[in-house]
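Below is one structure, written out as C-alpha coordinates, with a few remarks after it.
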Amino acid sequence: MNTTLSKKCLLEDLPEQVNIEIISKVASDSIRNVNSVKLSCKNLMKITYNDYVLRKANLEKLSVSQWHVNESRNNFMQLCEESGNPEALYRKGIVHLFQEGGTIQAINYLRQANKAGHLEAPYALGDIPKQRLPDCSFRQQHVKRARG
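Under UniProt numbering, think of the first position of the sequence shown as 1, with each following residue one higher.
Below is the structure:
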(Lines of atoms letter the chains of each structure in order from A; the text may use other names.)
(Lines give C-alpha, C1' and ligand atoms only; values in the text may rest on other atoms or scores of the structure.)
Protein backbone atom coordinates (compact mmCIF):
# COMPACT_ATOMS: atom_id res chain seq x y z
CA MET A 1 0.00 0.00 0.00
CA ASN A 2 1.48 3.28 -1.12
CA THR A 3 0.33 6.26 0.89
CA THR A 4 1.70 9.73 0.60
CA LEU A 5 1.30 12.40 3.14
CA SER A 6 0.53 15.75 1.69
CA LYS A 7 1.73 18.72 3.62
CA LYS A 8 -1.07 21.16 4.12
CA CYS A 9 -0.59 24.60 5.52
CA LEU A 10 -2.99 24.77 8.46
CA LEU A 11 -3.26 28.54 8.19
CA GLU A 12 -4.88 28.18 4.77
CA ASP A 13 -8.09 27.13 6.50
CA LEU A 14 -8.32 30.46 8.30
CA PRO A 15 -10.04 33.47 6.73
CA GLU A 16 -7.69 35.69 4.72
CA GLN A 17 -8.22 38.67 7.03
CA VAL A 18 -7.08 36.60 10.01
CA ASN A 19 -3.96 35.52 8.12
CA ILE A 20 -3.25 39.14 7.19
CA GLU A 21 -3.44 40.11 10.85
CA ILE A 22 -1.20 37.21 11.93
CA ILE A 23 1.42 37.91 9.27
CA SER A 24 1.37 41.65 10.00
CA LYS A 25 2.23 40.83 13.63
CA VAL A 26 5.09 38.62 12.43
CA ALA A 27 6.29 41.41 10.09
CA SER A 28 6.14 44.02 12.85
CA ASP A 29 8.41 41.85 14.98
CA SER A 30 10.99 40.88 12.38
CA ILE A 31 11.08 41.15 8.62
CA ARG A 32 13.35 38.11 8.46
CA ASN A 33 10.56 35.94 9.87
CA VAL A 34 8.37 37.04 6.97
CA ASN A 35 10.77 35.26 4.62
CA SER A 36 10.05 32.03 6.48
CA VAL A 37 6.32 32.66 6.08
CA LYS A 38 6.83 33.17 2.33
CA LEU A 39 8.42 29.76 2.07
CA SER A 40 5.68 27.97 4.01
CA CYS A 41 2.93 28.07 1.37
CA LYS A 42 1.83 29.98 -1.74
CA ASN A 43 -1.27 31.56 -0.21
CA LEU A 44 0.70 33.00 2.68
CA MET A 45 3.39 34.24 0.30
CA LYS A 46 0.75 36.36 -1.46
CA ILE A 47 -0.37 37.81 1.86
CA THR A 48 3.16 38.97 2.70
CA TYR A 49 2.78 41.50 -0.14
CA ASN A 50 -0.47 42.90 1.28
CA ASP A 51 -0.33 46.69 1.86
CA TYR A 52 -1.31 46.33 5.52
CA VAL A 53 1.47 43.79 6.15
CA LEU A 54 4.06 45.94 4.33
CA ARG A 55 2.95 49.04 6.25
CA LYS A 56 3.55 47.22 9.55
CA ALA A 57 6.89 45.64 8.55
CA ASN A 58 9.77 46.30 10.93
CA LEU A 59 12.71 47.43 8.79
CA GLU A 60 15.15 47.79 11.68
CA LYS A 61 17.37 44.89 10.56
CA LEU A 62 17.70 46.24 7.00
CA SER A 63 20.62 48.61 6.59
CA VAL A 64 19.94 52.11 5.32
CA SER A 65 22.88 52.05 2.94
CA GLN A 66 24.24 49.09 1.07
CA TRP A 67 27.58 48.29 -0.51
CA HIS A 68 26.15 46.19 -3.31
CA VAL A 69 22.96 46.67 -5.29
CA ASN A 70 20.37 44.14 -4.15
CA GLU A 71 17.35 44.22 -6.46
CA SER A 72 15.08 42.15 -4.22
CA ARG A 73 15.84 44.41 -1.23
CA ASN A 74 15.27 47.53 -3.34
CA ASN A 75 11.99 46.13 -4.67
CA PHE A 76 10.88 45.26 -1.15
CA MET A 77 11.71 48.76 0.12
CA GLN A 78 9.80 50.27 -2.83
CA LEU A 79 6.75 48.16 -1.94
CA CYS A 80 7.01 49.29 1.68
CA GLU A 81 7.20 52.95 0.60
CA GLU A 82 4.18 52.57 -1.67
CA SER A 83 2.26 50.90 1.17
CA GLY A 84 2.99 53.81 3.51
CA ASN A 85 5.49 52.11 5.83
CA PRO A 86 6.66 54.95 8.14
CA GLU A 87 10.28 53.75 8.38
CA ALA A 88 10.61 53.25 4.61
CA LEU A 89 9.25 56.76 3.97
CA TYR A 90 11.54 58.26 6.61
CA ARG A 91 14.62 56.54 5.19
CA LYS A 92 13.76 57.68 1.67
CA GLY A 93 13.33 61.24 2.96
CA ILE A 94 16.68 61.21 4.75
CA VAL A 95 18.44 59.87 1.65
CA HIS A 96 16.91 62.64 -0.48
CA LEU A 97 17.82 65.22 2.16
CA PHE A 98 21.52 64.53 1.64
CA GLN A 99 21.34 64.50 -2.14
CA GLU A 100 21.99 67.72 -3.99
CA GLY A 101 18.69 69.28 -4.99
CA GLY A 102 16.66 66.65 -3.12
CA THR A 103 15.19 68.91 -0.44
CA ILE A 104 11.66 69.04 -1.89
CA GLN A 105 11.51 65.24 -2.27
CA ALA A 106 12.94 64.86 1.24
CA ILE A 107 10.26 67.13 2.67
CA ASN A 108 7.51 65.21 0.87
CA TYR A 109 8.74 61.82 2.15
CA LEU A 110 9.33 63.13 5.67
CA ARG A 111 5.82 64.64 5.74
CA GLN A 112 4.37 61.28 4.70
CA ALA A 113 6.44 59.52 7.38
CA ASN A 114 5.23 62.05 9.93
CA LYS A 115 1.58 61.46 8.95
CA ALA A 116 2.16 57.70 9.18
CA GLY A 117 3.37 58.14 12.77
CA HIS A 118 7.16 58.02 12.49
CA LEU A 119 8.49 59.53 15.72
CA GLU A 120 11.67 61.09 14.32
CA ALA A 121 10.19 62.61 11.15
CA PRO A 122 9.05 65.91 12.75
CA TYR A 123 12.52 66.42 14.21
CA ALA A 124 14.14 65.79 10.84
CA LEU A 125 11.75 68.28 9.26
CA GLY A 126 12.59 70.84 11.94
CA ASP A 127 16.33 70.38 11.39
CA ILE A 128 16.33 71.21 7.69
CA PRO A 129 18.32 74.45 7.37
CA LYS A 130 16.24 77.52 6.53
CA GLN A 131 18.19 78.29 3.37
CA ARG A 132 17.23 74.89 1.93
CA LEU A 133 13.50 75.37 2.53
CA PRO A 134 11.19 76.91 -0.04
CA ASP A 135 9.11 78.49 2.74
CA CYS A 136 10.55 79.41 6.16
CA SER A 137 7.14 79.20 7.87
CA PHE A 138 7.20 75.48 7.05
CA ARG A 139 10.20 74.95 9.36
CA GLN A 140 8.60 76.85 12.23
CA GLN A 141 5.44 74.78 11.90
CA HIS A 142 7.35 71.49 12.22
CA VAL A 143 9.59 72.71 15.04
CA LYS A 144 6.43 73.53 17.03
CA ARG A 145 5.01 70.05 16.32
CA ALA A 146 8.26 68.36 17.34
CA ARG A 147 8.39 70.23 20.65
CA GLY A 148 4.82 69.24 21.44
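All C-beta atoms in this analysis are idealised placements derived from N, C-alpha and C, irrespective of residue type, glycine included.
Model, not experiment: these values are computed from the prediction.
Query                                                                                                                          : Result
Reduced DSSP secondary structure (H/G/I, E/B, other) of D127                                                                   : coil
Neighbourhood of K56 by C-beta, 7 Å cutoff - its chain only, sequence neighbours within 5 removed                              : S24, A27, S28
Secondary structure, alpha helix (DSSP H): runs of 4+ residues fully inside the UniProt domain "At2g35280-like TPR" (61-126)   : 71-83, 86-97, 103-115, 121-126
Touching by the beta-carbon criterion (3+ pairs, under 8 Å), the segment 76-92 and the segment 116-131                         : yes
N85 versus P15, S36, N58, R32, residue with shortest Cα-Cα distance                                                            : N58
Local Cβ density within 10 Å of C9, reported as buried at 16 or more and exposed below that                                    : exposed
Contacts around V64, its chain only, beta-carbon distance under 6 Å, and the 5 residues preceding and following it disregarded : R91
9 Å Cβ cutoff met for E82 and L54                                                                                              : yes
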